[in-house]
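J.: Numbering-wise (full-length UniProt numbering), the sequence shown opens with residue 1 and increments by one.
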Amino acid sequence: MTTSLTISSIETLFKKRKDELELQYQMFNEKKEQLMCIEFRTTEMVNNIKNLSNTEECKNNTYYQTILLKCLKSLQHIKEMRWEVIKCIQEIYNEIINLTFYINTIRYRNSLLIGIQKPSLTITCFNKNGAIDTNHQTLHTKFEGNFIETFISDIREVKFSRLIIPRSSRNHFSPAFSCITIKSNEIYITGDINNHSIKLITIVKDRKLSEEFPLKVEYPTCVVEYKKSSLFYISDKQLHCVFIFNKKNGKISIFGGYGNEPGKFNEPMCIAIDSLDNVYVADAMNCRIQIFTLDGTYLSSLSIPNQRTPFYPHCILFDEDQLIVIDNWGSSIFSIDPKQKKVTSIISRYGGAKGFVNRPTFACIDKYKRLFVSDSGNNRIACFKKNNFLGSIEMTTLGLVGAPLGISVNDKKLIFSTTANEPYLNCVSIKNFPNPTFIL
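Dropping the structure here:
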């Protein structure tokens with residue numbers, strides 16, 4: 001009797017969930033088809049206006065240029081809406097992964113063993129006697145969307161695309177990235193604050209391979225690779241410590257801990273390593289920068305003379321022998337000579353005009369000594385070189401939601417996340433900065 005009730009309950013549960021998922025899957029696919037149709041018609045309209053705008057009598061006509069701009073923005077919005085629908089289909093896919101189980105039957109007359117194995121993409125209904133119910137159609141769900149979605153926009157000659165990192169089977173939430181480090185051209189190391197993990201993401205054509213570091217973090221704010229070995233230094237502002245992870249042998253060590261004593265932290269935000277292998281940690285809430293050896297032994301603290309309080313060093317990085325400090329609360333950027341322990345230059349101060357910053361967060365520097373700063377309060381990425389302002393990338397112009405946050409750069413591109421709590425990595429070519437071309 002108990003076995004019959006169990007099988008009946010399982011059959012009812014799977015049948016009900018199957019119907020719900022089939023209905024949702026059909027509905028979202030219909031929405032996707034409708035948006036694709038609208039997108040096709042809008043693209044035709046844009047091409048017609050472009051052809052008309054290129055004629056001599058319309059080339060300098062601001063009316064046609066304005067209409068073209070509005071159509072381009074509408075087209076980009078439609079593509080983003082289509083991708084939102086694809087994300088909903090992906091969520092259905094993830095739900096099936098999490099809720100579906102294989103049901104194994106081992107028949108010894110009246111006995112039945114129900115086992116939970118690796119999740120499948122198939123829901124199968126069984127009769128009360130354990131046989132497959134052929135009267136119910138088996139539900140097969142497949143995800144048709146790509147993990148890479150490209151939004152093409154010709155607004156101001158900017159081509160925009162984004163890379164989505166989907167939720168893995170081990171994660172409960174879609175990833176949201178606080179910090180980013182470019183390890184190589186197609187390998188990124190990111191701090192996932194939603195799933196409390198450090199991810200090593202490898203891009204292979206239109207697929208992503210994601211590997212998680214075997215350490216438990218809460219709110220990772222910085223990942224720095226020590227170039228001379230396989231060591232990674234990871235700051236965690238919520239655990240108030242710095243992890244040292246040896247990727248070669250898997251060894252993990254920790255230094256710091258909550259407090260204001262020497263060697264302790266209150267929200268460590270960023271890490272930088274100088275040419276002498278000293279490890280600098282931005283101890284933000286303690287308004288100081290502390291210096292350690294590679295193994296985490298405390299050496300000294302770096303005070304900022306004549307620095308107004310409160311002082312919140314959100315990011316630090318080296319430009320040759322100069323330490324650049326991003327002060328979030330003070331909305332300023334300046335450089336320090338660590339040996340002389342004095343401020344050597346003021347790069348930017350508080351303001352909304354070009355060349356000024358408002359609550360800057362993270363920064364990076366390329367081989368041309370260009371400093372890229374996530375000017376989060378002004379919703380843009382600002383660029384400086386030798387204390388001179390070069391230009392900025394405005395998030396609103398590109399249609400991005402949220403302010404720039406984690407940021408990293410290599411020889412070819414700039415990659416950044418935003419505060420929108422979205423699983424996207426955004427890439428931009430820096431070849432023609434400040435007239436960037438977004439790439440993937």
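Think of the CB as a built atom: it goes at the ideal place given N, C-alpha and C, for glycine as much as any other residue.
Using the Cα positions of Ser331 and Ala403, report the straight-line distance between them to the nearest angstrom.
T.: Stepping through the sequence shown from its first residue, residue 331 is reached at position 331. Stepping through the sequence shown from its first residue, residue 403 is reached at position 403. Those two C-alpha atoms are separated by around 15 Å.
J.: Look at the Cβ atom of Ser374, then the Cβ atom of Phe362, and state whether they are nearer than 7 Å.
T.: Taking the first residue of the sequence shown as 1, we reach residue 374 at position 374. Taking the first residue of the sequence shown as 1, we reach residue 362 at position 362. Yes, these two residues count as a Cβ contact at 7 Å.
J.: Please classify Leu139: is it buried, with 16 or more other beta-carbons within 10 angstroms of its beta-carbon, or exposed?
T.: Looking up residue 139 in the sequence shown gives position 139. A caution first: Leu139 carries a pLDDT of 38, below 50, which makes its placement in the model too unreliable to give a value.
J.: According to DSSP, which residues form a beta bridge with Pro220?
T.: Here the question's residue 220 lines up with position 220 in the sequence shown. Pro220 is bridged to Asp236.
J.: Over the uninterrupted beta strand (DSSP E) stretch that includes Ser374, give me the two end residues.
T.: Locating residue 374 in the sequence shown gives position 374, where the first residue counts as 1. Looking at the DSSP string, the run of the beta strand (DSSP E) that includes Ser374 is Leu371 to Asp375.
J.: Only counting runs of 3 or more residues, tell me where the beta strand (DSSP E) segments fall wholly within the stretch 351-414, in order along the chain.
T.: With a minimum length of 3 residues, the continuous beta strand (DSSP E) runs that stay inside the stretch 351-414 are 363-365, 371-375, 380-385, 388-394 and 404-409.
J.: By DSSP, does Ile304 sit in helix, in strand, or in coil?
T.: In the sequence shown, residue 304 corresponds to position 304, counting from 1. It is coil, neither helix nor strand.
J.: Hey, is the stretch 339-357 in contact with the stretch 290-301, meaning 3+ C-beta pairs nearer than 8 Å?
T.: Because the criterion of three Cβ pairs below 8 Å is not met, the stretch 339-357 and the stretch 290-301 do not touch.
J.: Roughly how far, in whole angstroms, is the beta-carbon of Ile336 from the beta-carbon of Leu323, given that I think they are within contact range, below 8 Å?
T.: Against the sequence shown, residue 336 aligns to sequence position 336. Against the sequence shown, residue 323 aligns to sequence position 323. Yes, Ile336 and Leu323 are in contact; Cβ-Cβ is about 5 Å, under 8 Å.
J.: Relative to the C-alpha of Glu211, which residue among Asn171, Ile273 and Leu371 is closest?
T.: Taking the sequence shown and counting its residues from 1, the one referred to as residue 211 is at position 211. Checked all of Asn171, Ile273 and Leu371; the closest Cα to Glu211 is Asn171.
J.: Rounded to whole angstroms, what is the Cα-Cα separation between Met36 and Pro423?
T.: The residue given as residue 36 occupies position 36 in the sequence shown. The residue given as residue 423 occupies position 423 in the sequence shown. Near 23 Å, if we compare the C-alpha coordinates of Pro423 and Met36.
J.: Go ahead and pull the three-state DSSP assignment for Phe292.
T.: In the sequence shown, residue 292 corresponds to position 292, counting from 1. Reduced to three states, the DSSP call for Phe292 is strand.
J.: Within 10 Å of its beta-carbon, does Phe40 have 16 or more other beta-carbons around it, so buried, or fewer, so exposed?
T.: Your numbering for residue 40 matches position 40 in the sequence shown. Answer is exposed; the Cβ neighbour count stays below 16.
J.: Relative to the C-alpha of Leu400, which residue among Asn47, Arg162, Ile38 and Tyr25 is closest?
T.: Taking the first residue of the sequence shown as position 1, residue 400 is located at position 400. It is Arg162 whose Cα lies nearest to the Cα of Leu400.
J.: What residue range is occupied by the uninterrupted beta strand (DSSP E) comprising His314?
T.: In the sequence shown, residue 314 corresponds to position 314, counting from 1. Unbroken beta strand (DSSP E) run through His314: Pro313 to Asp319.
J.: With distances taken from CA atoms, which of Ile67, Asn48, Asn185 and Ile430 is nearest Lys369?
T.: Against the sequence shown, residue 369 aligns to sequence position 369. If we check each option's Cα against that of Lys369, Ile430 comes out closest.
J.: So who's on the other strand from Pro268, going by DSSP bridges?
T.: Residue mapping note: residue 268 aligns to position 268 of the sequence shown, counting from 1. Beta-bridge pairing links Pro268 to Asp283.
J.: Throw me the rounded Cβ distance for the Ile180 and Phe372 pair, which I believe falls under 8 Å.
T.: Numbered from its first residue, the sequence shown carries residue 180 at position 180. Numbered from its first residue, the sequence shown carries residue 372 at position 372. Contact doesn't hold; Cβ gap of about 12 Å is too wide.
J.: At which residues does the beta strand (DSSP E) containing Asn426 begin and terminate?
T.: Translated into positions along the sequence shown, residue 426 becomes position 426. Counting along the chain, the beta strand (DSSP E) containing Asn426 begins and ends at Tyr424 to Ser429.
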